[in-house]
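Chains as they are written, first to last, in the working numbering: chain H, -11 to 104; chain D, 677 to 792.
Below you can see the structure in the form of structure tokens.
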């Protein structure tokens, strides 16, 4: 069964450094998403991406964040200058385009980002 | 903006007991409703979903959920739980206003422990 994959599984970085989290969505999916979960808190939506542009973003997704689909398979989340409060599990998700299955989002295993 | 409330943060049951996890959402328009499960060390998996039609939906592993529109609720049920159901359960909702691009709004999750 196709799965969303994410790399790395764990990233440690120093405050102020740039990080890029990588995701490979399910191959025939057209919608892509990033979420984060700070330890002990809810899973929070960051951004959705469709047709090579951002479709929706939350208040969390400020100018420090950017997303990109650099090629036909990868979907990346970049945090330009990390802060301590960016420490969280970051989940990538994808969904099909067209019909009810558009709304079914499939999640990757997550990248645990630790900012020191 | 929508919000999701899960009433039980920690639930401990014995094997073969019946389960009901509460979920309420707030949003005045048309929503899609989901339950996700996260087994220890694994990623979020879609348990079941409701888009339209029969308000009683069945998912994997014997789980079901009932959408009660008048109560803005989507409670998860299982008649007889097993030790392997030990996991974190998340209720989530999105709207159809943005097509497939709408992010999910999650509840805080319910940590379910099944004692043998």
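Even glycine gets a Cβ: it sits at the ideal position worked out from N, Cα and C. Keep in mind it's a predicted model, so treat the numbers as computed, not measured.
Residue i at chain D interface by Cβ criterion, 8 Å
i, result
"residue 56 of chain H", "no"
"residue 82 of chain H", "no"
"residue 79 of chain H", "yes"
"residue -11 of chain H", "no"
"residue 97 of chain H", "yes"
"residue -3 of chain H", "no"
"residue 41 of chain H", "no"
"residue 63 of chain H", "no"
"residue 44 of chain H", "yes"
Boundaries (first-last residue) of the beta strand (DSSP E) holding residue i
i, result
"residue 764 of chain D", "763 to 771"
"residue 100 of chain H", "99 to 103"
"residue 43 of chain H", "41 to 45"
"residue 24 of chain H", "19 to 25"
"residue 71 of chain H", "No beta strand (DSSP E) contains residue 71 of chain H, which DSSP labels as neither H nor E."
"residue 721 of chain D", "721 to 726"
"residue 33 of chain H", "31 to 38"
Cutoff 8 Å: residue i Cβ touching any chain H Cβ
i, result
"residue 788 of chain D", "no"
"residue 719 of chain D", "yes"
Identity of the residues DSSP links to residue i by a beta bridge
i, result
"residue 751 of chain D", "D:742"
"residue 64 of chain H", "H:10, H:56"
"residue 734 of chain D", "D:740"
Sub-8 Å separation of residue i and residue j beta-carbons
i, j, result
"residue 712 of chain D", "residue 748 of chain D", "no"
"residue 779 of chain D", "residue 44 of chain H", "yes"
"residue 54 of chain H", "residue 4 of chain H", "no"
"residue 706 of chain D", "residue 753 of chain D", "no"
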